[in-house]
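The structure appears right after this line, and notes come after that.
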Amino acid sequence: MNMSINVFPKVDFVRSWPGQQKMLAHYIFRVLPRVKKRLQHWRSQAAQCPDIALADQALSSLKNKDFHCYGGSVFALGADDYEEILIQLITAYQTICDYLDNLCDRNDCLDGNAFRQLHASLLDALQPDAIKSDYYKYYPHRDDGGYLESLVDACRKCLEKLPSYVAVQADVLQLAGLYIELQVRKHIDWAVREQELISWAETETASYGGILWQEFAAASGSTLAIFALFTLAVRSEVSHEQVMAVRDTYFPWICGLHILLDYFIDREEDRQGSDLNFTFYYQDDAAMEERLKYFIRQSHIRLTHLENPTFTRTVVEGLLAMYLSDQKVKRQRMQKTAATLLNESGPNTWHVYRLCALVRRFF
404 MNMSINVFPK VDFVRSWPGQ QKMLAHYIFR VLPRVKKRLQ HWRSQAAQCP DIALADQALS
464 SLKNKDFHCY GGSVFALGAD DYEEILIQLI TAYQTICDYL DNLCDRNDCL DGNAFRQLHA
524 SLLDALQPDA IKSDYYKYYP HRDDGGYLES LVDACRKCLE KLPSYVAVQA DVLQLAGLYI
584 ELQVRKHIDW AVREQELISW AETETASYGG ILWQEFAAAS GSTLAIFALF TLAVRSEVSH
644 EQVMAVRDTY FPWICGLHIL LDYFIDREED RQGSDLNFTF YYQDDAAMEE RLKYFIRQSH
704 IRLTHLENPT FTRTVVEGLL AMYLSDQKVK RQRMQKTAAT LLNESGPNTW HVYRLCALVR
764 RFF
């Protein structure tokens, strides 16, 4: 392969794993347009926030982070009668995450208590019978016109319709708890932020062999394991063994790969902005590349133990394709590393990569 000019080979993406073509076609032409419609609904709601600061952050998250919802909606595939419910659930839950991330990024608040209180909305969204909290209690802006509560209610209504949500709820709440712990520490004052993150993550990694603190922290920032458990909950019966198989495949491996790729393509942007980036904690770029390859290998090994490995393989390939087809890769001249990572995942990942590059023109 000639790496000097064009490291990405031309491929014929009609070749793929059995069943993957139909799955991807349904995702592109049936699921994505419905996600787009749901996002438009939430844009209309966000525009009505009385507090201009909250309206701006809500609309900004929907504009600049909508690809999180598009990507997460892949977990609605194969849900049959529950597909629309999962689309609404995933879109609403991810929109809460993205909105809160924007609120915590504002320079007029570095209060960990405020961030934790805001994120109580995520726990309320996952517990249909829980008493709701005052989410803006410690935050400098309050009046969102009911926007955040509407997102919480949307999640609750969807969860009540999933036949086996009770079987996955405890694990979903635990994963959401890790996400919240990360978000709170990631946004507090720089003077204590790094040490707080390291202390927390190093304690947690004791339960997960073979990963570094920054990799655990990255994995905690992904919602994919939660979405995978939502998908499992559409079944009429779910065993503990099935729940653990899904959870252990996604967390920390696929989740870690997800967020490490996100930081990988944002390296130059974060360097210029002096922002936290978990890939900066590797010894050098070669070490980073090796660890990303390790997460790719572990993801592929783990997914073979699932009942539907083709779907999860598509998720892994889709993550690599989505992030590595981003124009940020080319602008930062990281094509060689991107090609190495695509190769590590296998030939079919190139097919998904080309398809993803094509889809980017329309969404």
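Position in the sequence shown counted from 1, then plus 403, gives you this note's numbering. Each residue gets a CB set at the ideal place from its N, CA and C atoms; glycine is no exception. Note that the structure is predicted; figures quoted are calculated from it, not measured.
Q) Would you say residue 502 and residue 450 are within 8 Å of each other, going by their C-beta atoms? A) Between residue 502 and residue 450, the C-beta spacing is not below 8 Å.
Q: Please determine, among 458, 493, 751, the residue with the shortest C-alpha to C-alpha distance to residue 546.
A: In terms of Cα proximity to residue 546, the closest of 458, 493, 751 is 458.
Q | Exposed unless 16 or more other CB atoms sit within 10 angstroms - verdict on residue 383 | A | This structure cannot settle anything about residue 383, because the visible part of the chain is limited to 404 through 766.
Q) Residues in its own chain within less than 7 Å of residue 448 by CB, not counting five upstream and five downstream? A) Excluding sequence neighbours, residue 448 sits near 550, 553.
Q) By Cβ distance, which residues of its chain are closer than 7 Å to residue 505, with the 5 residues on each side in sequence left out? A) Excluding residues within five positions, the ones whose Cβ falls inside 7 Å are 460, 463, 464.
Q) For residue 406, is the classification buried or exposed, using 16 other Cβ atoms within 10 angstroms of its Cβ as the cut-off for buried? A) Bear in mind that the predicted position of residue 406 carries a pLDDT of just 33, short of 50, making it unreliable; the figure below should be weighed with that in mind. Counting Cβ neighbours within 10 Å, residue 406 comes out exposed, since fewer than 16 surround it.
Q) residue 490 to residue 434, Cα distance in whole Å? A) The straight-line gap from Cα to Cα measures roughly 8 Å.
(Q) When you compare the CB positions of residue 649 and residue 570, do they come within less than 8 Å of one another, or not? (A) Against a cut-off of 8 Å, the Cβ pair of residue 570 and residue 649 comes out as no contact.
Q) Looking only at its own chain, which residues have a Cβ that is under 6 Å from the Cβ of residue 414, when we skip the five neighbours before and after it? A) Because residue 414 carries a pLDDT of 37, less than 50, the predicted location of this residue cannot be relied on, and the following value inherits that uncertainty. A distance below 6 Å between beta-carbons, with the five flanking residues on each side excluded, links residue 414 to the following residues of its chain, in chain order: 753, 754, 757.
Q) Does the Cβ-Cβ distance between residue 655 and residue 685 come in under 8 Å? A) Cβ distance not < 8 Å, so residue 655 and residue 685 don't count as in contact.
**Q.** residue 562 versus residue 674: straight-line alpha-carbon distance, rounded
**A.** Here the alpha carbon of residue 562 sits roughly 40 Å from the alpha carbon of residue 674.
Q | Selected residue, minimal CA-CA separation from residue 453, among 497, 499, 548, 537 | A | Looking at the Cα atoms, 548 is the closest of the given residues.
Q. Is it true that the CB of residue 521 sits closer than 8 Å to the CB of residue 542?
A. The answer is yes: Cβ separation under 8 Å.
Q) Span of the alpha helix (DSSP H) holding residue 447? A) Residue 447: member of the alpha helix (DSSP H) spanning 435 to 449, first to last residue.
Q. How do the segment 619 to 630 and the segment 570 to 580 stand: do at least 3 beta-carbon pairs fall below 8 Å, yes or no?
A. Flag = yes, the segment 619 to 630 and the segment 570 to 580 touch.
(Q) On the criterion of 16 or more Cβ atoms from any shown chain inside 10 Å, does residue 440 qualify as buried, or is it exposed? (A) Flag for residue 440 reads exposed.
Q: Ignore the nearest five residues each way along the sequence and tell me which others in residue 681's own chain have a CB closer than 8 Å to its CB.
A: Within the same chain, and ignoring the five residues on either side of residue 681 in sequence, the residues whose Cβ sits closer than 8 Å to its Cβ are 617, 618, 620, 621, 662, 663, 666.
Q.
Give me, in chain order, the residues of the same chain whose beta-carbon lies closer than 7 Å to that of residue 600; leave out the 5 immediate sequence neighbours on both sides.
A. These residues qualify, in order along the chain: 588, 589, 620.
(Q) Restricting to Cα atoms, I'd like to know which of 689, 555, 574, 723 is closest to residue 646. (A) Cα-wise, what sits closest to residue 646 is 574.
Q. Ends of the alpha helix (DSSP H) at residue 507?
A. Counting along the chain, the alpha helix (DSSP H) containing residue 507 begins and ends at 486 to 508.
Q: Check residue 609 in the structure and name its three-state DSSP category.
A: In the three-state reduction of the DSSP assignment, residue 609 falls in the helix class, which pools H, G and I.
Q: Give the straight-line distance between the Cα atoms of residue 482 and residue 623, rounded to the nearest whole angstrom.
A: For residue 482 and residue 623, the distance between alpha carbons rounds to 25 Å.
Q: Can you tell me which of the three DSSP states residue 655 falls into?
A: Residue 655 falls in the helix class under three-state DSSP.
Q | Selection from 585, 479, 594 that minimises the alpha carbon distance to residue 606 | A | Residue 606 has its Cα closest to that of 585, out of 585, 479, 594.
Q. Short check: CB of residue 424 to CB of residue 717, under 8 Å?
A. No, the pair does not count as a contact, with Cβ atoms beyond the cut-off.
Q.
Closest to residue 492 by C-alpha separation, out of 519, 560, 443, 468, would be which residue?
A. Comparing Cα-Cα distances from residue 492 to each of 519, 560, 443, 468, the minimum goes to 560.
**Q.** Pair within 8 Å by beta-carbon distance, residue 455 and residue 513
**A.** Between residue 455 and residue 513, the CB-CB gap reaches or exceeds 8 Å.
Q) Start and end of the alpha helix (DSSP H) containing residue 703? A) It spans 688 to 706 - the alpha helix (DSSP H) in which residue 703 sits, taken as one unbroken run.
**Q.** Classification of residue 728 by the beta-carbon crowding that lies within 10 angstroms, buried from 16 upward
**A.** Around the beta carbon of residue 728, 16 or more other beta carbons sit within 10 angstroms, so the residue counts as buried.
Q | For residue 668 and residue 734, the rounded distance between their alpha carbons | A | Rounded to whole angstroms, residue 734 to residue 668 spans 10 Å at the Cα level.
Q: Please name the residue, chosen from 526, 632, 736, that lies closest to residue 776 on a Cα-to-Cα basis.
A: Given that the chain is displayed from residue 404 to residue 766, the structure contains no residue 776 and the question cannot be resolved.
Q: Locate the alpha helix (DSSP H) running through residue 628, then write down its first and last residues.
A: 627 to 635 is the extent of the alpha helix (DSSP H) around residue 628.
Q | Proximity of residue 723 and residue 744 at Cβ, strictly below 8 Å | A | Yes, the pair counts as a contact, with Cβ atoms nearer than the cut-off.
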